[in-house]
């Protein structure tokens, strides 16, 4: 069996990559995809922890159920996020986040 | 055997993620995302989460990545931005600090955790229906009923919201569709690409 | 009657509530609903209110009388009785020796306030009747009666209050009503200015009253009359706390040389050999007298009273003749037992009164406006009253208050009647009041003439009238009585009056009395005798077609317009001046009658003729009130007193005779010619006296000018410093800070995210790196070291830093107990490990002090 730490480290690495991508890139589509990477990393960690023995019979699958709902909510978030990207494009004709600075100063 | 599978999937996942954040062309980024998702689905399988792996493939790879591709193609050439050096320092500070802190934390964790309570072979074997659809269904419709219903409501709200946000000002505004029409034609490189339904200006025409 | 009185017990005499609250009710209804009610309803409400109050006051007085009788038969001698009523518990303040002083809204009637109450409600009622006709044409009729009723209420609160704070409430109330009523026709600026002047001059006096209250709290520990009387001796007692009041050095310090760096300022020369002190009694008396000068128009605060004539004449009669201005003398009489403790203060009071009397009399001699003459006459008579109480003749002074209320009110109302008649054709305010335009009104206004003349006889001291008995009594008492203070065992001997003081005071008083006789006779002769100088009175046939004159009589002293649409042509013959209507003349008759016969209440001068005469009802009535005060007054022995009384009466009679005779000679026999010639011979002196000795102008240039300068300084500080530096500079700083901070807000989301990361990393550092903190507590001789908690912390203690730890592994034990012997010290070290495996440590040295209970704190040194 693969120790759970391996999965957790992998999840952390993926999370870091996603975070760096979110902070570095200016293209909003790429930032949205970075958010996807971060969420996937979290899902992986959750499912990995689910593999450990649980305290009671009711919570055997808690991690997986949690991940299930994260995927559902996350799909909704992506839909709305892309709708916002489209709105931004329609108004400003750009997908660069640093050109959406109407709240400047 | 298990280790090899794990390491291959892990390497592919990291590769995909790096590709996503580094690619200039957003289509390449989406492909990287797809690769990462497939790898993660594989890892789910290794963790006895079959149902979740299937869901991952269906929802992520089959819907979300497709959605991304739709939007990228809708935007057309504007989807990839010319890179310049504006705001470099801020971004570097932000990303660099985050990366350093993160990697430092990971290193700290790795070096400081005590020995695993179970050895490499110490995990108890899971019950036979661990991660199966039946087990899932049982939980979702008994203990997890409320989150389930709420998430369906959430999805409804998201749909309505996305439609409302993306619709634009006037539904019957012909210019609202000018992007769609011209971009698709141009992307397809058809001879009638330049003839937008309304204006010669095409993409560069400002929306009212 | 007895059954009526048994309804109210002496300690809860709630009939006082009727006396007090009926005028308040009248004021409220007239004030709130008056405009809609119409003039007749307002008049009915106001008169009923004061009438019922008067009836209740008479009943109360009768009850008081029977209570006094009961007390006298029970105790054998007259004892100070009073009926009181507690309306409301107001507040408690902490007293000087611990304990609480309770200040309550408590009202009481005793001999002194009973008489005042009757005067206020009785004369007030008559003046209300007069005013209800006098002001009938005014648009602000309802407002007038609201204020007038409110004034009666406030004045009653003043005299019926059982303690100094309640008196002060009434004091302020009458000041307020005086302001409102003087400035009743506020559309004209001089009237409003006169109201303001009255209020501000009163305010200066109120400062004195408040300081006196503070001193009384500190020294006597009480503010109600009984309490002050009980502890009055504390005001002069020689004790260290609170001790006498230090005048120099102020506050009781010492002047030492001031050393700044190497500079030595020799201030020790300012230190007197012995500190200058005054007793608290002197201080309290002087401060109370300051309040009295403000209210009763003495030097130097009398300047508001002549200007107050800008108000309607009934206001002048009620407030500035009969009631409000006597509040100061009432206060002095009320606290007589405090005043007699300080002969030094009383000499100040006496001289102030005498000088005021003389000064005002000199000014009144040359005034031409009839109301001005009466105003200065009031100031002068108030000076007499103050002179009376200043030498310790409290009964005589108060008796003069009593009689003065009647004859001065009658004089003012008579003057109002005359002005009312003059106003028929002369609409200009100043001219209609000018005596030079009057004359010969005796024939046209007989009732007014006879009442005015009767009151004048009283005021000049014609033998047999009330004024004779009261004013000349004061002059006699000046020679007989001298305040000597009270010799107490634990106090310094009080300062004694110089022997020339009574004679000087008497001389000033006689001079003032002579001038009083002169100017009052002059006023009567100019107004009522001779030929009418206002306009030519036509024969009835001439006037058959001239109906205009009659129509004007509505707007008596309206103040809104001083000439009607058509100019009154005074060269044309007009209707003769007419007598006033009945509501105006009937009060005049009552007041004049009272003025003439009021002497019956204290005809002390008859004792000169008949040694055994003892029908002195007022003196016997007020004896219990002034009993405590009389121990501080030295009387001459019987024979010497008798001689001096004769001298004084002779002097007073000659003053009256001389003054009246000279006035008669100048104005009746010579037709005013000698006066005019004198005026031409000394024009500058005449101008000076006519301008009231230019006192107002002196005040303008000194006091007012300095206040103006202060205001100008304040404005320039406000504009230069506060507006410029503080406001603009702080605005500049804020704007600059904002500009600097705005750089961060560039609207770009990932910049915000980057900033968030910075914050997160800082937070993360706190989690990653453990921090060792602890506190040392002492408990029953054991020291407990408690470690501060943290996320995932495990602790390892080293009870002695040099030795082994308590446990080898890290555990969750977060405190450790140390026991030390005296004088021993020990170093305790703490190591903290968090979930990341990082370790931090901290050590402390605890030392127990050498001897137990030595008071030294334990020493904790941290490393």
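Residue numbers (the numbering used here), protein chains in the order written: chain Z, 852 to 956; chain H, 4 to 211; chain A, 3 to 865.
Just so it is clear, CB atoms sit at the ideal spot from N, CA and C, and this is done for glycine as well.
Bear in mind the structure is a predicted one, so any value in this text is a computation, not a measurement.
Open item on the list: Quick check on the DSSP output: the alpha helix (DSSP H) that includes residue 40 of chain H runs from which residue to which?
Closed with: 29–49
Task: Any alpha helix (DSSP H) of 4 or more consecutive residues that is wholly inside the region 815–841 of chain A - done: Runs found: none.
Open item on the list: Here's a check: name, in chain order, each residue in its chain whose Cβ is nearer than 6 Å to the Cβ of residue 363 of chain A, leaving out the five neighbours to either side.
Closed with: Hits under 6 Å: 382, 514, 517 and 518.
Task: heavy atom of the ligand ADP below 8 Å from residue 143 of chain H C-beta - done: Among the components modelled here there is no ligand, and therefore nothing to report on the ligand ADP.
Open item on the list: For residue 112 of chain H, would you say it is in contact with chain A, using Cβ-to-Cβ distances shorter than 9 Å as the test?
Closed with: So, interface residue.
- [ ] Select from the region 749–775 of chain A all residues with a C-beta closer than 9 Å to any C-beta belonging to chain Z, and list them in chain order.
- [x] So the close ones are 749, 750, 751, 752, 753, 755, 756 and 759.
TODO: Verify the CB distance criterion: does residue 954 of chain Z have a CB-CB separation below 9 Å to chain A?
DONE: yes
Open item on the list: Would you say residue 874 of chain Z lies against chain A (beta-carbon separation less than 9 Å)?
Closed with: yes
- [ ] Find out if the Cβ-Cβ distance for the pair residue 2 of chain A, residue 392 of chain A is shorter than 9 Å.
- [x] Nothing about residue 2 of chain A can be reported from this structure: the residues present for chain A run from 3 to 865 only.
Task: CA nearest to the CA of residue 121 of chain A, picked from A:323, A:305 and A:216 - done: A:323
Open item on the list: I need the straight-line Cα distance from residue 411 of chain A to residue 420 of chain A, nearest angstrom please.
Closed with: 14 Å
Task: 7 Å Cβ cut-off: residues of chain H touching residue 860 of chain Z - done: Ordered by position in chain H, the residues that pass the 7 Å Cβ test against residue 860 of chain Z are 109 and 113.
- [ ] Could you confirm whether any beta carbon from chain Z is found closer than 9 Å to the beta carbon of residue 187 of chain H?
- [x] Residue confidence is low: residue 187 of chain H scores 47 on pLDDT, short of 50, so the model does not pin down where it sits. Its coordinate-derived value is still stated next. So, not an interface residue.
Task: Opening and closing residue of the alpha helix (DSSP H) in which residue 584 of chain A lies - done: 584–599
TODO: In the DSSP assignment, find the unbroken alpha helix (DSSP H) run with residue 332 of chain A in it and report its ends.
DONE: 329–336
Open item on the list: Within the continuous alpha helix (DSSP H) that includes residue 53 of chain H, where are the two ends?
Closed with: 53–58
Open item on the list: For residue 555 of chain A and residue 423 of chain A, what's the separation of their Cα atoms in angstroms?
Closed with: Unreliable placement is indicated for residue 555 of chain A, whose pLDDT of 44 sits below 50; the coordinate value is still reported in the next sentence. Near 8 Å, if we compare the C-alpha coordinates of residue 423 of chain A and residue 555 of chain A.
Task: Residue burial classification, residue 181 of chain H (beta-carbon count within 10 angstroms, cutoff 16) - done: For residue 181 of chain H, the pLDDT reaches just 48, beneath the cut-off of 50, and the residue's location in the model is therefore unreliable, although a value from the coordinates is still provided. Residue 181 of chain H should be labelled buried.
Open item on the list: Between the alpha carbons of residue 401 of chain A and residue 478 of chain A, how many angstroms are there, rounded?
Closed with: The alpha-carbon separation between residue 401 of chain A and residue 478 of chain A amounts to approximately 14 Å.
Task: Status (buried if at least 16 other CB within 10 Å, exposed otherwise) for residue 739 of chain A - done: exposed
- [ ] Grab me the residues of residue 460 of chain A's own chain with a C-beta within less than 6 Å of its C-beta, minus the 5 sequence neighbours each way, in chain order.
- [x] 409, 467, 468, 469 and 597
- [ ] Pull up the DSSP beta-bridge partners for residue 786 of chain A, would you.
- [x] A:779 and A:819
Task: Other residues of its chain near residue 757 of chain A: CB distance less than 8 Å, five sequence neighbours each side excluded - done: Only 746 meet the Cβ criterion.
- [ ] Would you please verify whether the beta carbon of residue 812 of chain A is less than 9 Å from any beta carbon of chain H?
- [x] Not closer than 9 Å to any Cβ of chain H, the Cβ of residue 812 of chain A fails to qualify, so no.
Open item on the list: Closest to residue 386 of chain A by C-alpha separation, out of A:37, A:352, A:153 and A:182, would be which residue?
Closed with: A:352
Task: Beta-bridge partners of residue 104 of chain A, as assigned by DSSP - done: A:94
Open item on the list: Measuring only the C-alpha atoms, how far is residue 531 of chain A from residue 119 of chain A?
Closed with: 37 Å
TODO: Give a yes or no on whether the C-beta atoms belonging to residue 129 of chain A and residue 316 of chain A are separated by under 9 Å.
DONE: Yes, these two residues count as a Cβ contact at 9 Å.
Open item on the list: So residue 39 of chain H contacts chain Z; which residues on that side make the cut at Cβ distance below 7 Å?
Closed with: 888 and 891
Open item on the list: Rounded to the nearest angstrom, what separates residue 226 of chain A and residue 162 of chain A at their Cα positions?
Closed with: 12 Å
TODO: Helix, strand or coil for residue 846 of chain A, going by three-state DSSP, please let me know.
DONE: strand
- [ ] Starting from the beta carbon of residue 902 of chain Z, find every residue of chain H whose beta carbon is closer than 8 Å, and list them in chain order.
- [x] The answer, in chain order, is 50, 51, 126 and 129.
Open item on the list: For the structure I just gave you, are there three or more beta carbon pairs, one from the region 718–735 of chain A and one from the region 925–935 of chain Z, closer than 8 Å?
Closed with: No: fewer than three Cβ pairs fall under 8 Å.
Open item on the list: In whole angstroms, give me the CA-to-CA distance for residue 151 of chain H and residue 818 of chain A.
Closed with: 51 Å
Task: Whole-Å CB distance - residue 86 of chain A paired with residue 13 of chain A, under 8 Å assumed - done: 6 Å
Task: Spatial distance of residue 642 of chain A from residue 709 of chain A (CA atoms) - done: If you take the alpha carbons of residue 642 of chain A and residue 709 of chain A, they lie about 52 Å apart.
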